[in-house]
Each structure stands twice: as structure tokens, then as C-alpha cells.
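Whatever position you read off the sequence shown (first residue = 1), add 1212 for our numbering. Every residue, glycine too, gets a C-beta built ideally from N, C-alpha and C.
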Amino acid sequence: MAKHLARIHGTEEDKVNCPFYFKIGACRHGDRCSRIHHRPAFSPTILIKHIFQHPMREAELQAAREGRSVDGIVVDEAKAREDFLVFFENMYVELSKFGRLDALHICDNVGDHMIGHVYAKFSDEEEAADALNVMNGRFYDGRKLEVEFSPVTDFLEARCRDFDEDSCRRGGFCNFMHIKPVPMCLIRDMEEDADEERRREDMERAERRRKDRRRRKRDRDRDRKSRRSRSRSRSDSRSASRGRSSRDAKE
1213 MAKHLARIHG
1223 TEEDKVNCPF
1233 YFKIGACRHG
1243 DRCSRIHHRP
1253 AFSPTILIKH
1263 IFQHPMREAE
1273 LQAAREGRSV
1283 DGIVVDEAKA
1293 REDFLVFFEN
1303 MYVELSKFGR
1313 LDALHICDNV
1323 GDHMIGHVYA
1333 KFSDEEEAAD
1343 ALNVMNGRFY
1353 DGRKLEVEFS
1363 PVTDFLEARC
1373 RDFDEDSCRR
1383 GGFCNFMHIK
1393 PVPMCLIRDM
1403 EEDADEERRR
1413 EDMERAERRR
1423 KDRRRRKRDR
1433 DRDRKSRRSR
1443 SRSRSDSRSA
1453 SRGRSSRDAK
1463 E
């Protein structure tokens, strides 16, 4: 029985646990889902919810504010691509401060339960926990960050293969991740910059520790000299007192 439950956990056969939440960390039914969403207490992956501003949704909101029809909206693809890459770089720089990133994925989905989601997988759970504790509640571009641990650790299972092949029929409302592509040359450059920054910070921390050890050693040496000086002073004082007592006795 235990083997059977382990085999079906997180699959469509599992009638207790939500397979979409297990695979993707998001479910279109939200809290109304009839199956359980097990939110992990620890994970190497964090989810920053709804932080990326999808250009199509932003264009629709702008049209609605101006009283225009949302039908036939055209997005400047070149500008949208440039804005996305700037956003990716900003996220990478901020998140890589907490540790090495194994993956940073930004969803292109437009469904309410996934739009703007950013997934960051670290090489270590403690690094992910540090990122969550610091980033959660901070503000980015005037918007508050909502960060949580995600059960997603295998993005091959979470991503939409049809989207990767440019053949997904569900479009942006697909329930699997439509991961926005990022040039590998940019990712490698960001990795190298982050590694170099971590090495520099490690060297600075090591230098601060060496300086702190030298400072503590100087303080200890000064304290020892001070104690010896006080000890000699007391000894000289006692000797002088004994000498005076001896002379008084002779007189």
C-alpha cells in the first residue's frame, strides 16, 4: 500500500494531493481546489508571485483605464523583449546575492494563477531560505514581493513542451509553465558575474576576519601588558612598604 501511494503521489491517480500544485506550484482552482496543496516548509526553490508585468496584460489594463477596447491590442515586441531581459537581469543580480542559482524561470502564462510568476532554484535549501526571508515583503518597482517556498524542483516536468516547440494550442492560459526563453550567452555572463561577485565578497569577509583576529590579538596583548604592569606596581608597592616597616622596627 505504501509503495502504491508513493508511486501515485502527485499524479492524476492521486485523488488526495493536487498534481498541478505538486508539479507547478500553482493551481487554477486556488484554495477552492478539491485536493490538498502541500506547501513545503523547506525547498531549494522559491516562487515570487505575480511580480513580472506581462506586456499583454499591461496593455489591456492601460486600454481599460483609457476607456479603449481591449480587442486588437498590439504589443511592441521589441520593447517588450528588452523590458523582459532587463527584468531578468535585475532578478538574477538580486537573487544571486544569496547563493548560486541552478535555475531562474519567468512565466509567460496569462492565467490569473500563474501570470508574472518567477521561480528561482538555488543549489542549497539554506540559500533559498535566506532569499525568502530577505525578499518577502520587499518592494520591486513599487510592488510588494510575495515570496514562498515552491514544491517544484524538476522544471522538465513543470514546463509545457508544446510551448517550447511553439505548438501549444492553449496559449497563455495553459496550466503548464510557459517559460520565457533567455539567451544562454546572457545566462553564462550573469553566472560568471555572480560567481566573481561571490568570490570578491568571500575575500572581503576573509580579510575582515583576519583584521578582526589581529585586532583581538592586539587587545589581548595590551590587556596582558596592562595586567603585568599593575602586578609589578603592586609588587613594588609591597616591597617599599616592607622596607619602611623594617626601618621603623630598627628605630
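Under 8 angstroms Cβ to Cβ from residue i, same chain only, skipping five residues before and after it: list those, please.
| i | result |
| --- | --- |
| Cys-1319 | Phe-1264, Met-1326, Ile-1327, Gly-1328, His-1329, Val-1330, Tyr-1331, Met-1389, His-1390, Ile-1391, Lys-1392 |
| Lys-1227 | Arg-1247 |
| Met-1402 | Glu-1301, Tyr-1304, Val-1305, Ser-1308 |
Using 9 angstroms as the threshold, is the C-beta distance between residue i and residue j below it?
| i | j | result |
| --- | --- | --- |
| Phe-1234 | Asn-1387 | no |
| Leu-1259 | Val-1364 | yes |
| Phe-1334 | Asp-1314 | yes |
| Pro-1252 | Ser-1379 | no |
| Arg-1312 | Asp-1295 | no |
| Ala-1370 | Gly-1237 | yes |
| His-1317 | Phe-1367 | yes |
Select from the options the residue whose C-alpha is nearest the C-alpha of residue i.
| i | options | result |
| --- | --- | --- |
| Gly-1323 | Asn-1229, Leu-1368, Cys-1239 | Cys-1239 |
| Val-1282 | Glu-1270, Pro-1252, Arg-1427, Glu-1289 | Glu-1270 |
| Gly-1384 | Ile-1236, Arg-1412, Met-1268 | Met-1268 |
| Arg-1293 | Gly-1284, Ser-1438, His-1266 | His-1266 |
| Ala-1343 | Ser-1255, Arg-1440, Lys-1437, Arg-1432 | Ser-1255 |
| Ala-1340 | Phe-1310, His-1262, Asp-1407, Lys-1261 | Phe-1310 |
| Gly-1284 | Glu-1278, Arg-1277, Ala-1290, Glu-1272 | Glu-1272 |
Quick one: residues in its chain with C-beta nearer than 7 angstroms to the C-beta of residue i, no 5 flanking neighbours on either side, listed in chain order?
| i | result |
| --- | --- |
| Phe-1375 | Cys-1386, His-1390 |
| Cys-1230 | Cys-1239, Cys-1245, Arg-1247, Ile-1248, His-1249 |
Among residues of its own chain, excluding the 5 on either side of residue i, which ones have a beta-carbon nearer than 6 angstroms to its beta-carbon?
| i | result |
| --- | --- |
| Arg-1444 | none |
At which residues does the beta strand (DSSP E) containing residue i begin and terminate?
| i | result |
| --- | --- |
| Glu-1360 | 1359-1361 |
| Phe-1334 | 1330-1334 |
| Ile-1258 | 1257-1260 |
| Ile-1318 | 1313-1318 |
The alpha helix (DSSP H) that contains residue i, what's its start and end?
| i | result |
| --- | --- |
| Asp-1353 | Element bounds for Asp-1353: n/a, residue is neither H nor E. |
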